[in-house]
Amino acid sequence: MNHALETELTVPLQIELLPVVTGCVENAAQAFGLQRSEALALALAAEEVFSYLAAKTAAGQSLRVTCRGGGYYAEVVCRFPGRALPVRALNITAAVADDEASLEEMGFLLAARTADRLAITTAGDIMSISFVKERAYPPAPEEALPPFTAKGTFREYGGEPELIKQFARRVAGKYGRQAPPFFRFPGKVVDMVAGGEYGVVMLADENRNVGGGMLWRGDGKMAEAYGPYVFGGGEELAREVVDACLRRFARTGTLCLVIPAATAEAPRDYFERLGELPLMVDGSRRSEQALYRELEEDNGSLAYVHPALVDFVRAAYDCLCLPRQIEGVENLGEARSPHSAFAASMDRAAGKAVLSPLWVGGDAAESLAEHVEALRREGIANILFKLDAGVAEQALLGPALLATGFLPRLIFPWEGRGDVILFAYQEGGA
Amino acid sequence: MSSRLPPLESLVPPHIRCIEPYIPSKPDDVLGKMFGCPRIYRLNNNENALGPSPKALAALQAADPGQASVYPSGDAYHLRHKLAGRFGHPPDAFIVGNGANELIAFVIKAFCQEGDNIITADRTFAVYEWVAGFSGYEARLAPLRDYGFDDEAMLAAVDGRTKIIFVCNPNNPTGTYWDERRLRRFLDRVDGRQIVVLDEAYAEFVEAGDFPDGMSLINEYPNLVVFRTFSKMFALAALRIGYLAGNEKVVEVIRRTCVVYSVNSLAQVAAIASLEDADEHIARTRRMVNEARAFLRRELSRLGLFHFGDQANYMVVRLPISDTLAYRKLMRQGVMVRTMTGFRFPNHIRVTLGPIPVMEKFIAALEAALAE
Chain G
608 MNHALETELT VPLQIELLPV VTGCVENAAQ AFGLQRSEAL ALALAAEEVF
658 SYLAAKTAAG QSLRVTCRGG GYYAEVVCRF PGRALPVRAL NITAAVADDE
708 ASLEEMGFLL AARTADRLAI TTAGDIMSIS FVKERAYPPA PEEALPPFTA
758 KGTFREYGGE PELIKQFARR VAGKYGRQAP PFFRFPGKVV DMVAGGEYGV
808 VMLADENRNV GGGMLWRGDG KMAEAYGPYV FGGGEELARE VVDACLRRFA
858 RTGTLCLVIP AATAEAPRDY FERLGELPLM VDGSRRSEQA LYRELEEDNG
908 SLAYVHPALV DFVRAAYDCL CLPRQIEGVE NLGEARSPHS AFAASMDRAA
958 GKAVLSPLWV GGDAAESLAE HVEALRREGI ANILFKLDAG VAEQALLGPA
1008 LLATGFLPRL IFPWEGRGDV ILFAYQEGGA
Chain R
268 MSSRLPPLES LVPPHIRCIE PYIPSKPDDV LGKMFGCPRI YRLNNNENAL
318 GPSPKALAAL QAADPGQASV YPSGDAYHLR HKLAGRFGHP PDAFIVGNGA
368 NELIAFVIKA FCQEGDNIIT ADRTFAVYEW VAGFSGYEAR LAPLRDYGFD
418 DEAMLAAVDG RTKIIFVCNP NNPTGTYWDE RRLRRFLDRV DGRQIVVLDE
468 AYAEFVEAGD FPDGMSLINE YPNLVVFRTF SKMFALAALR IGYLAGNEKV
518 VEVIRRTCVV YSVNSLAQVA AIASLEDADE HIARTRRMVN EARAFLRREL
568 SRLGLFHFGD QANYMVVRLP ISDTLAYRKL MRQGVMVRTM TGFRFPNHIR
618 VTLGPIPVME KFIAALEAAL AE
């Protein structure tokens, strides 16, 4: 459950009301814990959206601005009728030409780059654009914690801040780069859990020494988990950690749990293997093993797949015994939007970027190639793409992905509206 | 006409926002297509494979379809009188509901208000916890001890805002039960301060001599409310009918929250008829269940699989693979079981005990699934 704080404002799209919007966003973001410079970045994003819409939309329209504080981040969501945004400008590869239309879009380009994350969604005739800025946190103290030695029996803990900080430090200390980077910022992990977006279970001994635990993120049908991390006690403790984690998911409505980069301690009889993802880390090849665990009975769903990917998808479903009805989707010459837009989330420390579609248009292949080029220029060695098989429109990207050199690697069941197909870019393609 | 979605963020109360809807399994024809199996053996819901008793079947066949236009008896008048005769309590000591799930909601609505809590076990029938949750009341869950309800832990969880304690006897899914001595001791210690609901959905399957008959304890313990159902032993699950019994004054309070006319006429007719040949039907069903249990025990031991469940018409099996993967593998072979991760028993499945040929199919499918 997400315990985010929220404030909301509905403003007529008249340019003289711009300060009302920026003031609200800036103040709310600071109240939610962001530094002033971070809050200003969000205010800039809202300013660009408001200014653009005020100039482009008919009189009488309003913008609904929601500011949300999720503990370790603040978010601003702008909702408005119609589809007036220049989505092309949201690509990380967008360049501004020297014409009037492009100059109008320049603000969006800036806004897209000031946010840590952004997303565009549409529901009926309402479009939403959301910008997320995360708080900066100090790293963990440099001195290492004393080695873990268990005393007495283990007890299960949830969201106790001091134990979470100890857990994060132990994870970062033992697993290093194998664990997600946020573990290096214990205060951030505390806020991630307190905000309700993340969950944690830890087993600690009589002296409140944390022997192991798991962390997960999941408001949707699929939860993404990290671990199991154990600092002593071996296989049996790992099993207890996983048992405790699964019990926490009972009767929550979450359908499944995926560990994208499972630790060696993950008990194999609790999980199914989704496959391995080859990555380049610090110049050497490494594989991340993705594990999967359903939490409820899977009674099937629909997957929209381009014919070029049907064989891969069918084989993956067969291997996992997943009941899926595959529906072929391809473009047969019908009109489509000229431009595509892709969101990119980057972990520079891990040299990893994940692209996902914001908007599917006719220039997908060119735009993807530009993204790959731009990311490689930035030194990103691992370029991944997530395609939601529950969204028919996204299936149209199949040929463009293959042509650009992306190869399908894994399927994450229920991650999006449907299952998500993970592609990895490989130079030269198949 | 406005096509705007209502402001759900402000309309939906917080305790509903954090609850996910329960999605029941799809119908057999849809599942058959999804999993590529022509026939599905449902061993997931603890239904009675023998079907309704002969008298219930005859009553259903004799029912006049033309009566579909007439409202049923709003408070199941004849059925309550029949139950009164069978159990020796007045007709007003009974409420008939659209399955036991509806009765759980009636009781919680009758006694709980904001800030109150109910107590049950962590690994038991889910509906007590669900109804409390989506009604806005806290469900305190005492962990099972040795697969059974832990009386001490439940008593320790009681506070001034505890209104109802739910005890599932025998417990679904573990099949453990409190004997009469233990139940009496628990009721004595509660000392009438809270309502104690004794859910006896599977009571008719139990043959143990020390198994308590909740119905006979109502006169001694006025805070005791007993649930029974026609879905399990009497095989009327599709008609949705169950009942509760308790002290008349307590039941009168619960009746204030009842939705009248929620139990249809066919269900009432079939339930009345079921009681007429109940003894023969129960004996036949017990024979089938006992044979199935003996067979499964032998076969599961041969496969080296830990299992438990000595009472009721189901058993629980611990698997060396994920229970949800086992579900999919078994479904591909047309066998449907209940996964237990949702019951907080990861890697366990619950299987309904049925006729030997079906149990043989289950064992063969399980062996194949584990061999893959």
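Same order as they appear, the protein sequences are chains G and R.
Read the first sequence against the working numbering and you will find it ends at 1037, with the numbers running on by one and no gaps.
Read the second sequence against the working numbering and you will find it ends at 639, with the numbers running on by one and no gaps.
Glycine included, each C-beta is placed from N, C-alpha and C at the ideal position.
Quantities reported herein were computed from a predicted structural model and do not represent experimental measurements.
Interface residues of chain C facing residue i [CB-CB closer than 7 Å]
i                     : result
residue 854 (chain G) : Absence of chain C from the displayed structure is noted, the protein chains being G and R.
Beta-carbon spacing of residue i, residue j below 9 Å
i                      : j                      : result
residue 1025 (chain G) : residue 1007 (chain G) : no
residue 1032 (chain G) : residue 1019 (chain G) : no
residue 959 (chain G)  : residue 886 (chain G)  : yes
residue 289 (chain R)  : residue 445 (chain R)  : no
residue 395 (chain R)  : residue 528 (chain R)  : no
residue 617 (chain G)  : residue 669 (chain G)  : yes
residue 254 (chain R)  : residue 520 (chain R)  : In the structure as shown, chain R begins at 268 and stops at 639. Residue 254 (chain R) is therefore absent and cannot be evaluated.
residue 500 (chain R)  : residue 315 (chain R)  : yes
residue 830 (chain G)  : residue 864 (chain G)  : yes
residue 257 (chain R)  : residue 299 (chain R)  : Limits of chain R in this structure are 268 at one end and 639 at the other, which puts residue 257 (chain R) out of reach.
residue 685 (chain G)  : residue 614 (chain G)  : no
residue 462 (chain R)  : residue 562 (chain R)  : no
residue 871 (chain G)  : residue 878 (chain G)  : no
Own chain, CB closer than 6 Å to residue i, minus 5 neighbours either side, in chain order
i                     : result
residue 566 (chain R) : 630
residue 508 (chain R) : 497, 530, 534, 538
residue 573 (chain R) : 585
residue 758 (chain G) : 812, 813, 814
residue 282 (chain R) : 403
residue 443 (chain R) : 414, 415
residue 646 (chain G) : 633, 636, 637
residue 368 (chain R) : 394
residue 408 (chain R) : 389
residue 372 (chain R) : 398
Cβ neighbour criterion (16 or more within 10 Å) applied to residue i
i                      : result
residue 926 (chain G)  : exposed
residue 526 (chain R)  : exposed
residue 273 (chain R)  : exposed
residue 828 (chain G)  : buried
residue 1016 (chain G) : buried
residue 313 (chain R)  : buried
residue 344 (chain R)  : exposed
residue 918 (chain G)  : exposed
residue 932 (chain G)  : exposed
residue 939 (chain G)  : exposed
residue 704 (chain G)  : Model confidence at residue 704 (chain G) stands at a pLDDT of 49, short of 50, so the residue's coordinates are unreliable and nothing is read from them.
residue 323 (chain R)  : buried
DSSP beta-bridge partners of residue i
i                     : result
residue 740 (chain G) : G:681
residue 883 (chain G) : G:896
residue 952 (chain G) : G:961
residue 496 (chain R) : R:509
residue 932 (chain G) : G:909
residue 832 (chain G) : G:823
residue 482 (chain R) : Paired residues: none, contrary to the question.
residue 409 (chain R) : R:388
Neighbourhood of residue i by C-beta distance below 8 Å, restricted to the same chain and skipping five residues each side
i                     : result
residue 979 (chain G) : 990, 1011, 1012, 1032
residue 768 (chain G) : 797, 801
residue 287 (chain R) : none
7 Å CB neighbourhood of residue i in its chain, flanking five on each side removed
i                     : result
residue 472 (chain R) : 500, 553, 556, 578, 579, 580
residue 851 (chain G) : 763, 808, 810
residue 391 (chain R) : 435, 438, 439
residue 635 (chain R) : 600
Check distances from the C-beta atoms of the region 365-397 of chain R to those of chain G and list, in chain order, the residues that come in under 9 Å.
389, 390, 393, 396, 397
Between the region 790-812 of chain G and chain R, which residues of the former have a C-beta closer than 8 Å to a C-beta of the latter?
none
Would you list, in chain order, the members of the region 845-877 of chain G that have their beta-carbon closer than 7 Å to a beta-carbon of chain R?
850, 853, 854, 857, 858, 859, 860, 876, 877
Contact list for the region 818-837 of chain G against chain R, Cβ threshold 8 Å
none
Interface positions of the region 572-592 of chain R facing chain G (Cβ-Cβ less than 7 Å), listed along the chain:
587, 588, 589, 591, 592
What residues from the region 295-324 of chain R come within 9 Å of chain G, judged by C-beta to C-beta, listed N to C?
297, 298, 300, 301, 302, 303, 311
Near-chain R residues of the region 895-918 of chain G - C-beta to any C-beta below 7 Å
900, 901, 902, 903, 904, 905, 906, 907
Residues within the region 877-891 of chain G neighbouring chain R, beta-carbon criterion of under 9 Å:
877, 878, 879
Using a Cβ-Cβ cut-off of less than 9 Å, give me the residues of the region 925-936 of chain G that come near chain R, in sequence order.
927, 928, 929, 930, 931, 932
What residues in the region 342-367 of chain R bring their beta carbon closer than 7 Å to a beta carbon of chain G?
none
May I ask you to list, following chain order, the residues of the region 435-447 of chain R that have a beta carbon less than 7 Å from some beta carbon of chain G?
none
Select from the region 398-411 of chain R all residues with a C-beta closer than 7 Å to any C-beta belonging to chain G, and list them in chain order.
none
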